[in-house]
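S.K.:
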Amino acid sequence: MRRALVTGGSGGIGAAICRRLAAAGHHVIVHASRNRSRADATVGEILDAGGSAEAVAFDVTDRVATAVALAALLEKGAIQILVNNAGIHADAVFPGMSGEQWDSVVDVSLNGFFNVTQPLTLPMIRTRWGRIITISSVAGITGNRGQVNYSAAKGALHAASKALALELASRGVTVNAVAPGIIATGMSEGAFDAEAIKTLVPMKRAGKPEEVADLVAFLASDRAAYISGQVISINGGMI
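When you line the sequence shown up against our numbering, it's residues 2 to 240, in that order.
(1) Taking only runs of the alpha helix (DSSP H) that begin and end inside the stretch 76-107, which ones reach a length of at least 4 residues, in chain order?
(2) Considering Cα atoms alone, identify which of S137, V106, R132 and A25 is closest to S171.
(3) In whole angstroms, what separates the C-alpha of I126 from that of G208?
(4) Report yes if the C-beta distance between A157 and L216 is below 7 Å; otherwise report no.
(5) So what's G147 in DSSP terms, helix, strand or just coil?
(6) Report the residue from W103, A72, A91 and G113 whose alpha carbon sits nearest the alpha carbon of S34.
(7) Please report how far the alpha carbon of A225 lies from the alpha carbon of G13, in whole angstroms.
(8) Give the straight-line distance between the Cα atoms of D108 and L48, rounded to the nearest whole angstrom.
(9) Taking C-alpha atoms, which residue in D41, G10, Q119 and S152 lies nearest to V176?
(10) Measuring alpha carbon to alpha carbon, tell me which of S53, E211, S137 and R39 ends up nearest V160.
(11) Write down the C-beta distance between N150 and V106 rounded to the nearest angstrom, noting that I regard them as a contact closer than 8 Å.
(12) Does DSSP classify H32 as helix, strand or coil?
(13) Can you give the beta carbon distance from L74 to V61, rounded, assuming they're within the 8 Å contact cut?
(14) Quick one: residues in its chain with C-beta nearer than 6 Å to the C-beta of A16, no 5 flanking neighbours on either side, listed in chain order?
(15) Got a sec? Which residues, its chain only, sit under 8 Å from R21 by beta carbon, not counting five neighbours each side?
(16) Roughly how many whole angstroms lie between the Cα atoms of P124 and K163?
(17) Apart from the five residues on each side of it in sequence, which residues of its chain come closer than 8 Å, Cβ to Cβ, to S53?
(18) Measuring CB to CB, does G238 end up less than 7 Å from P203?
(19) Should S11 go down as buried or exposed, given a rule of 16 or more other Cβ atoms within 10 Å for buried?
(20) Rounded to the nearest angstrom, what separates A79 and V69 at their Cα positions?
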């Protein structure tokens with residue numbers, strides 16, 4: 002049974018990914034930063050469905066705390082599937098954006114990627130099999146008004162994923178990014194009403210977290226062994 006860590010696993014998309022990976026037969030480590038109770042709830046759902054899971058809580062922006070938490074997890078063996086899903090919004094038009102808004106978004110998405118992925122890479126390489134999947138956004142491809150910070154962080158993750166894919170391609174480890182568009186989660190509900198979605202999305206609907214989870218589960222499988230260094234969009238035809 003392969004072990005999978007999903008950062009931000011207590012959120013809407015993250016929880017769906019956790020459930021789907023567990024259904025595929027993996028032991029899933031559900032990560033939360035502040036809301037451990039939601040991670041515990043997702044673990045409970047997985048266990049009730051006959052899957053294998055545990056919860057963990059740490060702040061991905063705290064490099065030392067993250068390293069300590071990951072070291073404890075690695076005592077049980079390598080984590081061969083990593084889904085970097087942790088991310089936040091702090092939207093503002095750029096002339097009015099504060100340094101704190103910039104730093105917080107970049108810190109979680111980009112520094113969090115390093116803080117979690119780097120300690121897990123060598124143990125993953127030693128097993129000669131691994132999947133690193135980072136959840137990005139359509140904003141990292143097209144940009145978005147009021148989200149210069151978010152777009153910058155997600156775009157950087159695309160570049161980082163491509164570079165890391167080159168480093169690990171001969172080691173049996175693939176690295177990809179998944180860039181969702183508008184997905185029906187608590188984070189998006191306040192940002193897009195039904196009419197806006199019909200205007201922005203050719204399919205005239207928001208995506209489902211489960212649809213993102215299905216794509217992630219495929220990329221995490223043996224069937225996706227020849228896919229690496231890619232940014233794969235899932236956005237209902239927006240781009």
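Cβ coordinates follow ideal geometry from the N, Cα and C atoms, glycine included. All figures in this text were calculated on a predicted structure; none of them were measured in a lab.
M.R.: In terms of the structure at hand:
(1) 100-107
(2) It is R132 whose Cα lies nearest to the Cα of S171.
(3) Going by the C-alpha atoms only, they are around 34 Å apart.
(4) no
(5) If DSSP states are grouped into helix, strand and coil, G147 belongs with coil.
(6) G113
(7) 24 Å
(8) 32 Å
(9) Q119
(10) Note on identity: in this sequence residue 160 is Ala, with Val being the wrong assignment. A160 has its Cα closest to that of S137, out of S53, E211, S137 and R39.
(11) 4 Å
(12) strand
(13) Actually they are not in contact, since the Cβ atoms of L74 and V61 sit about 14 Å apart, beyond 8 Å.
(14) Same-chain partners within the cutoff: T43.
(15) E211, A214, D215, V217 and A218
(16) 20 Å
(17) M2, A23, H27, H28, V29 and I47
(18) In this structure, G238 sits near P203, with a CB-CB distance shorter than 7 Å.
(19) buried
(20) 15 Å
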